[in-house]
Amino acid sequence: MKVTFEEKLGQFVRGTAIAAPMGLSERIILFLEEKMKARAKARAILYCGLSAVSGVALYVTGGAVVSDFAASGAGTMLSLVFSDFHSVLANWNYFLLSLAESLPVLPLALAFVSIGVLAAMVTLAVADFRKVGSINQALFGRR
Amino acid sequence: MDSDEKLVARYLAGEEKALDELVRRYTGHIYNFIYQYVRSSQEAEDLTQDTFFKVWRNLEKFDLKRKFKVWLFQIARNTVFDFLRKKKAQVMSDLGDEESGEFEVVDDAPLPAEVFEKGEIERQAKKIIEDLPPIYQSVLSLYYVSEMNFREIAEALGEPIDTVKARHRRAIIRLKKELRP
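If you're matching them up, the sequences are chains A and B in order.
116 is the number that this note's numbering gives to position 116 of the first sequence; each next residue is one higher, with no gaps.
In short: position in the second sequence from 1, add 1000, done, that's this note's numbering.
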């Protein structure tokens, strides 16, 4: 099959292409892995910091829940379930409504939010520390 | 062999080895593209690394409906042009003057491929290609080496498609003019 001028030109252009130095792609991969490790480390430290903050928030809101719960009389109402179960059962809807009204809603909500944030931050921090570990293994294997 | 976009999707799903494959696939192409502008091995190496660093940093924003190759070369182009601007190189004059008349159409008659067969002419053709301004070399390189079509080249270089086609045509005409016995 006859080769056209443009096909031959294509061969020449490919022939004049400058080859990358040996090992360049591996060096770039190593460089990117170092960057990924640095980013994962920075994020893990940030998540640890946020975990500590949510831990403190949980301690404070948890304390507020306990003290407000004690002052609210909800504890006394709950004890009725054990001391006068049949009355509670007969008037379960009023009992539940009164119990709900007596609960320290705001401290409870804040405590749940703190638990949620703490769990999320710890999970993310663990994931990023694992990523740092696996990149270290990969880098060690390459070197 | 997975497509570029599939490798990107795999990387975004958490498979970091997929990015390694993309780097290996395109290091040579990007290095060659950048070298045409900077003409220095060390600078081309550094800029190639910078290009892939920017790709990694922005991969989460990449639209999988687009062609990865085009986006990669856009980043390479911006990286090398930023470098040249900082170096205060005469980007426009070094890149080639399309108004110089050097590339006017003189004879569009087809030239046989056999003209390349003679060793001396082969060397001559190679020299002519190497001496072309970077804006013409990059079009030829993206078309014949990286196997992109004109639309993709236009998008990668941020130029109108007619400009890209004109540069390709002018490079060929110059070669024919120089090689014609």
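Beta carbons: idealized from backbone N, C-alpha and C, even for Gly.
Local Cβ density within 10 Å of residue i, reported as buried at 16 or more and exposed below that
i: Q1036 of chain B; result: buried
i: L1157 of chain B; result: buried
i: R1151 of chain B; result: exposed
i: H1029 of chain B; result: buried
i: W1049 of chain B; result: Reading off the sequence shown, one finds Gln at residue 1049 of chain B, where the question assumed Trp. Buried is the call here.
i: Y1011 of chain B; result: buried
i: V56 of chain A; result: exposed
i: D1162 of chain B; result: exposed
i: V1080 of chain B; result: buried
i: D976 of chain B; result: With chain B covering 1001 to 1181 only, the question about residue 976 of chain B has no answer from this structure.
i: R1085 of chain B; result: exposed
i: E1045 of chain B; result: buried
i: A1013 of chain B; result: exposed
i: K1127 of chain B; result: exposed
i: L1072 of chain B; result: buried
i: A90 of chain A; result: exposed
i: L97 of chain A; result: exposed
i: Y1031 of chain B; result: buried
i: Y94 of chain A; result: exposed
i: A52 of chain A; result: exposed
i: T76 of chain A; result: exposed
i: F82 of chain A; result: exposed
i: R1057 of chain B; result: exposed
i: E1104 of chain B; result: Because E1104 of chain B carries a pLDDT of 45, less than 50, the predicted location of this residue cannot be relied on, and the following value inherits that uncertainty. So E1104 of chain B ends up on the exposed side.
i: R1123 of chain B; result: exposed
i: F85 of chain A; result: exposed
i: V1186 of chain B; result: What is shown of chain B runs 1001 to 1181, which leaves residue 1186 of chain B out entirely.
i: A109 of chain A; result: exposed
i: R1066 of chain B; result: exposed
i: T61 of chain A; result: buried
i: V1164 of chain B; result: buried
Inter-residue CB distance, residue i and residue j (contact presumed, cutoff 8 Å)
i: A1171 of chain B; j: Y1144 of chain B; result: In fact, because the Cβ distance is near 11 Å, the residues do not count as touching under 8 Å.
i: S54 of chain A; j: S114 of chain A; result: 5 Å
i: L1019 of chain B; j: L32 of chain A; result: 7 Å
i: I29 of chain A; j: V1023 of chain B; result: 5 Å
i: A111 of chain A; j: L78 of chain A; result: That pair is no contact at about 18 Å.
i: G5 of chain A; j: I1129 of chain B; result: Note on residue identity: the sequence assigns Phe, not Gly, to residue 5 of chain A. 13 Å between Cβ atoms; not a contact.
i: V1139 of chain B; j: R1167 of chain B; result: 5 Å
i: I64 of chain A; j: P107 of chain A; result: This sequence places Ala at residue 64 of chain A; Ile is not what is there. At roughly 4 Å, the Cβ-Cβ gap stays under 8 Å, so A64 of chain A and P107 of chain A are in contact.
i: K41 of chain A; j: F1053 of chain B; result: So it is not a contact: roughly 17 Å between Cβ atoms.
i: M1148 of chain B; j: K1069 of chain B; result: 7 Å
i: A44 of chain A; j: A125 of chain A; result: 5 Å
i: N136 of chain A; j: K8 of chain A; result: That pair is no contact at about 51 Å.
i: L24 of chain A; j: T1027 of chain B; result: 5 Å
### Task
Pair every Cβ in the region 19-35 of chain A with every Cβ in the region 93-106 of chain A, then say whether three or more of these pairs are closer than 8 Å.
A contact is defined here as three or more CB-CB pairs under 8 Å, and the region 19-35 of chain A fails this definition with respect to the region 93-106 of chain A.
### Message
Could you tell me which whole alpha helix (DSSP H) segments of length 4 or greater appear in the region 11-45 of chain A?
### Response
Fully enclosed alpha helix (DSSP H) runs of 4 or longer: not present.
### Task
State whether the region 120-133 of chain A contacts the region 43-52 of chain A, with contact taken as three or more CB pairs (one from each stretch) at a distance under 8 Å.
In short, these stretches touch, since the Cβ pair count reaches three.
### Query
Which runs of the alpha helix (DSSP H), 4 residues or longer, sit entirely within the region 1017-1054 of chain B?
Listed in chain order, they are 1017-1038.
#### Entry: Whole runs of the alpha helix (DSSP H) within the region 1113-1165 of chain B, excluding any shorter than 4 residues
You should have 1119-1131, 1134-1140, 1150-1157.
#### Entry: Continuous alpha helix (DSSP H) assignments of at least 4 residues falling wholly in the region 88-131 of chain A
92-102, all fully within the region 88-131 of chain A.
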